[in-house]
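S.K.:
This is the structure we're talking about:
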């Protein structure tokens with residue numbers, strides 16, 4: 565069964581750092597595209613960062629230079645290192661696995677990140 569599960573969300577002060585992890589099961593994550601999205605209250609879900617099966621990465625402008633997406637193949641996961649966090653980064657962060665063919669994609673349940681003093 566293909567599944568992705570996010571972890572690592574927490575309450576952090578502005579300027580702090582947090583590392584989110586998206587653990588894959590039922591497939592080898594490095595062979596597929598993986599993305600991180602976020603959704604703040606009252607807002608639409610938006611793409612934060614993605615990594616392709618070839619290792620290419622892309623970031624939303626609002627996280628460039630602060631967030632890094634990378635693979636941890638030993639854990640079969642894709643992690644998101646978040647630095648210099650701002651209150652506007654507060655959201656539920658979701659992981660998505662894609663590239664399975666026929667448009668199939670798999671979402672996790674999300675992990676809450678709150679940036680507040």
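Numbering (this note's numbering), first residue to last: 565 to 681. Note that the Cβ used here is the ideal one computed from N, Cα and C, for glycine as well.
Are the Cβ atoms of residue 587 and residue 599 separated by less than 8 angstroms?
M.R.: no
S.K.: Under a three-way DSSP split, which group does residue 591 fall into?
M.R.: Residue 591 falls in the coil class under three-state DSSP.
S.K.: Cα separation between residue 542 and residue 607?
M.R.: With the chain running from 565 to 681 in the structure shown, residue 542 is simply not present.
S.K.: Sorted by chain position, which residues of the same chain lie with C-beta nearer than 6 angstroms to residue 670's C-beta, five sequence neighbours on each side aside?
M.R.: 566, 568 and 661
S.K.: Using alpha carbons as the reference points, say which of 578, 658, 604 and 667 lies closest to residue 673.
M.R.: Taking only the C-alpha atoms, the option nearest residue 673 is 658.
S.K.: Along the beta strand (DSSP E) that carries residue 678, what are the first and last residues, could you check?
M.R.: Start and end: 675-679.
S.K.: Could you pull the start and end residues of the beta strand (DSSP E) that residue 571 belongs to?
M.R.: DSSP places residue 571 in the uninterrupted beta strand (DSSP E) bounded by 567-571.
S.K.: Which word fits residue 575, buried or exposed, when buried means at least 16 other C-beta atoms lie within 10 angstroms of its C-beta?
M.R.: exposed
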